[in-house]
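The numbering used here puts the first residue of the sequence shown at 2, with every later residue one more than the last.
A short write-up of the structure that comes next.
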Amino acid sequence: MVSDRGIIAPSAAGVKGGIRPTKGAFTMKQRQSSTKSVQKLCVAALMAALVFVSSQLQIQIPSILGFSRFHLGNSMCALSGLLLGPWWGGLASGVGSALFDLFHPAYLSEAPITLVTKGVYGLVSGFLCWRVFSGKPRYGVQALSTLCAALCYTAIYLGKTFFYNGIWLGGLTPSAAWVAVLEKAPSSLFNGAVALICAPILAVAVRRAMRTAQLEHLLPRQ
Numbered sequence: 002m003v004s005d006r007g008i009i010a011p012s013a014a015g016v017k018g019g020i021r022p023t024k025g026a027f028t029m030k031q032r033q034s035s036t037k038s039v040q041k042l043c044v045a046a047l048m049a050a051l052v053f054v055s056s057q058l059q060i061q062i063p064s065i066l067g068f069s070r071f072h073l074g075n076s077m078c079a080l081s082g083l084l085l086g087p088w089w090g091g092l093a094s095g096v097g098s099a100l101f102d103l104f105h106p107a108y109l110s111e112a113p114i115t116l117v118t119k120g121v122y123g124l125v126s127g128f129l130c131w132r133v134f135s136g137k138p139r140y141g142v143q144a145l146s147t148l149c150a151a152l153c154y155t156a157i158y159l160g161k162t163f164f165y166n167g168i169w170l171g172g173l174t175p176s177a178a179w180v181a182v183l184e185k186a187p188s189s190l191f192n193g194a195v196a197l198i199c200a201p202i203l204a205v206a207v208r209r210a211m212r213t214a215q216l217e218h219l220l221p222r223q
């Protein structure tokens with residue numbers, strides 16, 4: 002609309018019409034963000050389920066403090082971090098492992114501890130992969146992140162075996178607790194080695210598949 006001074010003034014309809022696209026764009030952005038969050042939650046739930054199921058695939062060997070377990074759960078814990086980043090990955094690995102404890106009476110009381118210790122597995126692998134190495138999809142990056150996560154978790158697990166399971170709950174002497182640690186060490190190192198072999202290969206393959214399926218937006222931000 003032209004004013005008396007010859008200046009074109011925006012009409013009320015024009016101003017009102019100009020606001021609508023901005024509001025619509027904001028609403029659309031909100032919906033996209035909400036959809037992305039739901040999709041990430043679904044992927045995290047899927048990884049937690051894989052951690053739970055893979056932990057069931059085990060071989061148990063009797064030891065002083067119960068059993069030493071050879072299983073595939075640690076591989077999925079590392080993979081959770083490599084695919085989801087430190088926070089979602091740590092949550093998936095911790096929850097999936099804690100659920101395993103809840104469904105087995107022998108480990109029921111340790112479920113809260115497992116939530117934290119196995120959560121560290123995914124947290125460390127995800128932090129190194131996405132925060133330190135900027136999420137580079139190289140096998141070497143995935144392998145180094147998995148190795149550090151495996152070593153970190155093994156140290157925490159063996160420390161828990163010595164102090165919590167051995168001395169506090171088991172009432173063992175320090176010497177006997179060290180024997181228990183030595184019995185647990187081979188299975189822990191084996192599970193870490195399996196994770197080092199499997200998790201990086203799976204991470205590279207899954208990320209390629211996600212790129213092909215145009216699902217890279219579900220990966221953490223670099």
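Glycine residues also receive a C-beta, built at the ideal position from the N, C-alpha and C atoms.
Just so it is clear, the structure is predicted and the values come from calculations on it, not from any experiment.
When you compare only the Cα positions, how much space is there between R70 and F104? Within the sequence shown, the letter at position 69 stands for residue 70. Within the sequence shown, the letter at position 103 stands for residue 104. Going from the Cα of R70 to the Cα of F104 covers about 16 Å.
If you drop the 5 nearest sequence neighbours on each side, which residues of the same chain put their C-beta closer than 8 Å to that of P113? Against the sequence shown, residue 113 aligns to sequence position 112. Excluding residues within five positions, the ones whose Cβ falls inside 8 Å are A99.
Would you give the residue range spanned by the beta strand (DSSP E) that Q61 belongs to? As a first step, residue 61 is located in the sequence shown; it is residue number 60 there, counting from the start. From DSSP, the beta strand (DSSP E) with Q61 extends over 59 to 64.
Please identify the residue among G141, N166, G193 whose C-alpha is closest to the C-alpha of V224. No answer is possible for residue 224: it lies beyond the span of the chain, which begins at 2 and ends at 223.
Nearest-angstrom Cβ-Cβ length linking G123 and S94, presumed shorter than 8 Å: Mapped onto the sequence shown, residue 123 falls at position 122. Mapped onto the sequence shown, residue 94 falls at position 93. The pair is a contact, with the Cβ atoms about 3 Å apart (cut-off 8 Å).
Would you report the Cα separation of M211 and S176, rounded to the nearest angstrom? Mapped onto the sequence shown, residue 211 falls at position 210. Mapped onto the sequence shown, residue 176 falls at position 175. One C-alpha to the other measures close to 50 Å.
Please classify V52: is it buried, with 16 or more other beta-carbons within 10 angstroms of its beta-carbon, or exposed? Stepping through the sequence shown from its first residue, residue 52 is reached at position 51. V52 should be labelled buried.
For H72 and E184, the rounded distance between their alpha carbons: Start at 1 with the first residue of the sequence shown, and residue 184 comes out as number 183. Start at 1 with the first residue of the sequence shown, and residue 72 comes out as number 71. About 16 Å.
Once you ignore the five residues that flank I20 on each side, which residues in its own chain have a CB closer than 6 Å to its CB? For this step, residue 20 is matched to residue 19 along the sequence shown. Low confidence applies to I20: its pLDDT is 48, below 50, so where it sits in the model is not reliable enough to give any reading.
Close Cβ partners of P138 (< 6 Å) along its chain, the five nearest in sequence each way excluded: Residue 138 sits at position 137 when you count from the first residue of the sequence shown. Same-chain partners within the cutoff: R208.
Going by C-alpha to C-alpha distance, which of G193, V182, L216 sits closest to K161? Along the sequence shown, one-based indexing puts residue 161 at 160. Comparing Cα-Cα distances from K161 to each of G193, V182, L216, the minimum goes to V182.
Between T61 and the rest of its own chain, which residues show a CB-CB distance below 6 Å, the 5 nearest in sequence each way excluded? One-based indexing of the sequence shown puts residue 61 at position 60. Position check: residue 61 holds Gln in this sequence, whereas Thr was assumed. If we look at Q61 and ignore the five residues flanking it on each side, its Cβ neighbours are F68, R70.
Proximity to A186 [Cα-Cα], best of K37, I65, V44: Here residue 186 refers to the residue found at position 185 of the sequence shown. Comparing Cα positions, the closest option is I65.
Rounding to the nearest angstrom, what Cα-Cα distance links L109 and T28 in this structure? As a first step, residue 109 must be located in the sequence shown, where it is residue number 108. As a first step, residue 28 must be located in the sequence shown, where it is residue number 27. If you take the alpha carbons of L109 and T28, they lie about 45 Å apart.
Applying the 10 Å Cβ sphere with the 16-neighbour rule, what's the burial state of W131? Numbered from its first residue, the sequence shown carries residue 131 at position 130. It counts as buried.
Nearest-angstrom Cα separation, counted from S188 out to L216: Taking the sequence shown and counting its residues from 1, the one referred to as residue 216 is at position 215. Taking the sequence shown and counting its residues from 1, the one referred to as residue 188 is at position 187. In a straight line, the C-alpha of L216 is about 36 Å away from that of S188.
Tell me which same chain residues have a C-beta within less than 7 Å of the C-beta of A45, skipping the five on either side of it? Within the sequence shown, residue 45 is the residue found at index 44, counting from 1. Result list for A45: L85, W89, L92, A93, in chain order.
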